[in-house]
Amino acid sequence: MAIQTIPTQPFAGQRPGTSGLRKKVTAFTQSHYLENFVQTLLDVLNASGPDGQALTGQTLVLGGDGRFYNRTAVQTILKLAAANGVARVLLGRGGILSTPAVSAVIRRRQAFGGIVLSASHNPGGPDGDFGIKYNAGNGGPANEALTEAVYARTQVLRELRISDVPDVDIDRLGLQQIEQMQVDVIDPVADYAAVMRVLFDFDLLRTMFKRGFRVRVDAMNAVGGPYARAILEGELGAPAGTVVNAEPLEDFGGLHPDPNPVNAEDLIAHMQRPDAPDFGAAMDGDADRNMVVGRNFVVTPSDSLALMTAHARLIPGYKDGLLGVARSMPTSAAVDRVAKVMGLPCFETPTGWKFFGNLLDAGRVSLCGEESYGTGSSHVREKDGLWAILFWLSLQGATGRSVESLVREHWRIYGRNYYTRHDYEGIAVDVAQALMQDLRAALPALPGRQFGTRRLVLADDFAYTDPVDGSVSGQQGIRLIFDDGARVIFRLSGTGTEGATLRLYLERYEADSAKQDQPVQPALAELAAVAEQVAGISGRTGMAGPTVAT
Ligand code: G16
């Protein structure tokens with residue numbers, strides 16, 4: 042057994058996107074593709090120490106969502122880590138750790154950082170996607186400075202340092218040794234469950250289930266299954282079968298593990314039946330996203346964040362109130378209204394959970410959320426699907442009210458932010474970039490123009506200055522804001538692996554409770570027409586409409 046130095050060649054395009062490096066499995070299985078990226082990451086982490094050896098003697102957490110290539114990638118990463126000075130790896134059994142669980146383990150065990158293997162909500166299997174990202178010592182996704190340093194080094198990398206030891210048994214709990222490095226295979230659920238026990242009143246939840254409260258959680262054959270089963274069915278006494286599609290499968294059983302009404306259609310269908318459970322929810326591939334569904338009633342992620350903010354004091358973990366809240370720029374302004382009434386600071390960040398990290402670390406916010414079915418809090422530094430489910434269960438337990446009645450009451454008090462996101466998937470990259478370029482060029486002429494009953498008051502490309510470290514992130518999405526607060530936003534997705542995806546976000550506010558019950562798409566049709574008029578989406582893409590509208 043020896044540590045080997047192997048020559049390698051750089052790969053183009055290993056730049057992490059919104060959330061790490063995501064590519065087709067067929068890209069990752071090229072010889073040295075994964076090795077190069079991991080070697081680069083380890084080099085950058087080592088170089089970040091004063092002695093050029095920051096990782097030496099340190100602990101890394103490792104795990105993923107169990108998708109195809111997860112087990113192979115784990116073995117490769119262990120051999121690289123052993124050869125690059127890592128002292129200890131905490132590995133989820135079977136190579137499994139949900140994204141929020143990685144964050145929880147890093148924080149609880151004070152690890153140096155962690156590597157998450159996931160392409161999140163993207164489909165899996167040999168023809169699907171794979172991904173890798175690094176989380177820092179705060180438990181959260183690496184910041185842009187680090188991901189850019191990694192990318193720069195991928196372009197000049199010439200050598201791998203890797204151990205030639207045989208594979209370790211990743212299914213056996215306990216300690217094993219590779220070279221000088223210890224591998225500690227841990228229960229993937231234990232640390233995470235401990236965090237949940239502190240935040241929520243498990244006795245209240247147990248009583249709900251005892252009294253027959255019925256829940257359907259769709260884990261979409263992804264990594265959330267074992268967590269939801271252990272906590273809901275195991276600890277809280279929910280009947281067996283409460284969690285469906287609970288076994289993580291390498292190809293997610295063919296499901297697209299993106300918890301929205303389109304991809305989680307089976308859950309939506311169940312929640313529309315006459316015998317529907319009281320509460321439904323779904324999670325994504327790595328269990329950081331969530332969708333909350335009442336009987337025949339889907340909650341938008343933006344509304345979910347607003348309601349959580351309004352009711353947070355009912356939950357033990359937040360009983361002393363919130364420090365502040367944050368949402369990504371394209372997320373609806375529903376939470377802003379609550380924050381204003383409650384006198385809470387409210388931050389607007391670019392898309393990407395990593396932008397919440399500094400605000401959470403600095404104690405400036407307690408809750409964060411995104412339109413892309415992500416909500417979370419200061420308990421970890423990732424969004425957290427099962428946490429959101431427990432939060433909503435607790436809200437129903439504490440108030441005795443249904444999901445629909447909670448949301449309708451919220452709209453009556455704060456008004457409703459009608460909201461939709463239209464995705465145009467699989468556009469040629471040059472077409473998508475030209476569309477954004479031309480839009481940018483057109484921005485200065487737009488303010489003051491009238492579109493039907495609305496006057497456009499602001500047109501810009503969103504730039505964010507981090508209030509904690511002063512770093513600036515530009516070109517984060519084009520915003521058209523109207524005199525009534527309505528917004529039309531254009532962005533290119535940073536998580537896709539095929540062509541480009543244009544995301545169009547539409548929002549308008551309705552204060553009049555008599556007008557808060559319209560179907561969403563017609564309610565926003567005027568704004569969709571404005572987007573078409575300004576950007577010429579159908580002409581440029583040849584698409585009559587979005588591929589997904591949620
Ligand atoms: C990631 C990020 C989120 C972001 C989402 C969508 O989520 O962590 O912050 O909102 O991607 O990004 P985009 O619009 O660029 O595709 P996940 O669940 O994929 O890790």
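Quick note on my numbering: the sequence shown kicks off at 42 and runs consecutively.
Even for Gly, the Cβ is constructed at its ideal location relative to N, Cα and C.
For Glu-412, no alpha helix (DSSP H) encloses it, and the DSSP letter there is neither H nor E. Secondary structure of Ser-514 (DSSP, three-state): strand.
By the Cβ-count criterion, Val-239 is exposed, with fewer than 16 other Cβ atoms from all chains shown falling within 10 Å of its own Cβ. By the 16-neighbour rule on beta-carbons within 10 angstroms, Pro-48 is exposed. Not one heavy atom of the ligand G16 sits closer than 6 Å to the Cβ of Glu-466.
A straight line joining the alpha-carbon of Ala-483 with that of Leu-543 spans about 18 Å. Beta bridge pairing from DSSP links Phe-338 with Gly-335. In the DSSP annotation of this structure, the continuous segment of the alpha helix (DSSP H) that includes Ser-144 starts and ends at 140-149.
Set against 6 Å, the gap from the CB of Trp-394 to the closest heavy atom of the ligand G16 is smaller. Excluding sequence positions up to five before and after Gln-221, its CB lies within less than 8 Å of the CB of Ala-123, Ala-128, all in the same chain and listed in chain order. According to the DSSP secondary-structure assignment, Ile-522 is paired through a beta bridge with Leu-499, Arg-528.
Of the heavy atoms belonging to the ligand G16, none sits nearer than 6 Å to the Cβ of Thr-49. A straight-line Cα-Cα distance of about 33 Å links Lys-64 and Leu-568. The beta carbon of Val-589 sits closer than 6 Å to those of Val-303, Asp-464, all from its chain and outside the five residues before and after it, given in chain order.
With the rule of 3 Cβ pairs closer than 8 Å, the stretch 521-531 counts as touching the stretch 488-498. In the displayed model, Asp-325 falls within coil according to three-state DSSP, outside both helix and strand. Within the stretch 141-218, the complete alpha helix (DSSP H) segments at least 4 residues long are 185-195, listed from N- to C-terminus. Pairing Ser-343 with Thr-461, the inter-Cα distance amounts to about 10 Å. Inclusion of Ser-413 in the 6 Å shell around the ligand G16 follows from its C-beta lying nearer than that to a non-hydrogen atom of the ligand. As for any beta strand (DSSP E) of minimum length 3 sitting wholly inside the stretch 93-123, the runs are 100-105, ordered along the chain. In this structure, the beta-carbon distance from Ser-373 to Glu-548 falls below 7 Å. Ranked by Cα distance from Arg-520, the first of Leu-533, Asp-510, Gly-172 is Leu-533.
Relative to Gln-218, the option among Ser-204, Leu-545, Asp-507, Ala-231 whose CA is nearest is Ser-204. C-alpha of Pro-164 to C-alpha of Ile-468: approximately 18 Å in a straight line. By the neighbour-count criterion, in which a residue is buried when 16 or more other Cβ atoms sit within 10 angstroms of its Cβ, Val-146 is buried.
In the DSSP secondary-structure assignment, Thr-538 is not bridged to any residue. Gln-491 sits in a strand when the DSSP states are folded into three classes.
For Arg-257, the enclosing beta strand (DSSP E) begins and ends at 256-259. In the displayed model, Gln-223 falls within a strand according to three-state DSSP.
Using a 10 angstroms sphere on the CB of Pro-267, the tally of other CB atoms reaches 16 or more, which defines it as buried. In terms of side-chain proximity, the C-beta atom of Arg-330 is found nearer than 6 Å to a non-hydrogen atom of the ligand G16.
Following the DSSP letters along the chain, one finds Arg-453 inside the alpha helix (DSSP H) bounded by residues 444-455. For Tyr-359 against Ser-407, the beta-carbon gap comes to about 7 Å, under 8 Å, which counts as contact. Per DSSP, Val-406 lies in no beta strand (DSSP E) segment and is marked neither H nor E. Relative to the ligand G16, even the nearest heavy atom lies 6 Å or more away from the CB of Gly-104. With contacts defined as CB atoms closer than 7 Å, Leu-83 and Asn-125 qualify as a contacting pair.
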